[in-house]
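Engineer:
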Amino acid sequence: MQFRTTIRLAACLVLCLGIAAVQGIVTRPEIAGWYSGLAKPPWTPPASLFPIVWTALYIMMAVALWRLWERAAPSPARNWAIVLFLVQLALNAAWSPLFFGAHATRLALIDIMILLVAIALTMVASARADRVAAWLLGPYLAWVAYAATLNGGIVWMN
2 MQFRTTIRLA ACLVLCLGIA AVQGIVTRPE IAGWYSGLAK PPWTPPASLF PIVWTALYIM
62 MAVALWRLWE RAAPSPARNW AIVLFLVQLA LNAAWSPLFF GAHATRLALI DIMILLVAIA
122 LTMVASARAD RVAAWLLGPY LAWVAYAATL NGGIVWMN
C-alpha cells in the first residue's frame, strides 16, 4: 500500500473511531444509572452487545469513506457522496449526546430518523461512485433502523 493510501485510510479510521470514542465517553456513565432505569422494548439486546457492533460498524464506515476518497474517481458524484457521508456522520455524532448526555430521548429519535434518511442517501450517492463503499454502509443502515425502533420504544414506554 502506498504511503498516501495508508495515511488516508488511517485518517478515515481516526475520524470514525474518534467519534465512536466520544460516543462511548458520553454513553458509558449513563448505562448503569439512567439507562438501566428506563423501560425498554423486549427486543433490546444486552448493553454489552452495543460496543461490539458499533466498533465493527465504525470500521466499515471508515473503509467506505476511504474507498470514496482513495478508490473512486474524482467526480461530482464522489464529492456528493463524501458530503453526504460527513452529514450522516455528524447526525450520528449528535445522537449519543442527545440520548445519553441530555436524556432528550425525543430529540434523539428525531435525530435518528433523519440519520436513517441521510445514510440511505449516502448509500445511493456512494453507489454512483463506488459500489463497495455503498455496500459497506448496508449493515450500518440496518443497525441504525433497529436502533431507531429501540429509541422509539423507549420514548413510547417512558
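The opening residue of the sequence shown carries number 2 in my numbering; numbering runs sequentially from there. Even for Gly, the Cβ is constructed at its ideal location relative to N, Cα and C.
Using 8 Å as the Cβ pair cut-off and three pairs as the minimum, do the segment 75-89 and the segment 29-36 touch?
Structural biologist: Not touching, per the Cβ criterion.
Engineer: Express the C-alpha separation of Pro43 and Gln3 in angstroms, rounding to a whole number.
Structural biologist: Counting from 1 along the sequence shown, the entry for residue 3 is found at position 2. Counting from 1 along the sequence shown, the entry for residue 43 is found at position 42. Rounded to whole angstroms, Gln3 to Pro43 spans 48 Å at the Cα level.
Engineer: May I have the straight-line CA-CA distance separating Leu39 from Ala148, to the nearest angstrom?
Structural biologist: Numbered from 1 along the sequence shown, position 38 holds the residue referred to as residue 39. Numbered from 1 along the sequence shown, position 147 holds the residue referred to as residue 148. For Leu39 and Ala148, the distance between alpha carbons rounds to 15 Å.
Engineer: Checking 7 Å against the spacing of the C-beta atoms, do Trp96 and Ile113 come in under that value?
Structural biologist: Your numbering for residue 96 matches position 95 in the sequence shown. Your numbering for residue 113 matches position 112 in the sequence shown. Yes, Cβ-Cβ distance for Trp96 and Ile113 is below 7 Å.
Engineer: For the 8 Å Cβ check, are there 3 or more pairs between the segment 133-150 and the segment 21-31?
Structural biologist: Because the criterion of three Cβ pairs below 8 Å is not met, the segment 133-150 and the segment 21-31 do not touch.
Engineer: According to DSSP, simplified to helix, strand and coil, what is Gln89?
Structural biologist: As a position in the sequence shown, residue 89 is number 88, starting the count at 1. In the structure shown, Gln89 sits in a helix (DSSP, three-state: H, G or I).
Engineer: Taking Cβ positions, are Leu99 and Ala91 nearer each other than 7 Å?
Structural biologist: Here residue 99 corresponds to residue number 98 of the sequence shown, with the count starting at 1. Here residue 91 corresponds to residue number 90 of the sequence shown, with the count starting at 1. Contact flag unset, no.
Engineer: Determine contact between the segment 56-71 and the segment 135-144, defined as no fewer than three beta-carbon pairs at a distance below 8 Å.
Structural biologist: Touching, per the Cβ criterion.
Engineer: Within 10 angstroms of its Cβ, does Ile53 collect 16 or more other Cβ (buried), or is it exposed?
Structural biologist: Residue numbering aside, residue 53 sits at position 52 when the sequence shown is read from its first letter. Classification of Ile53: exposed, given that the 10 Å Cβ count is below 16.
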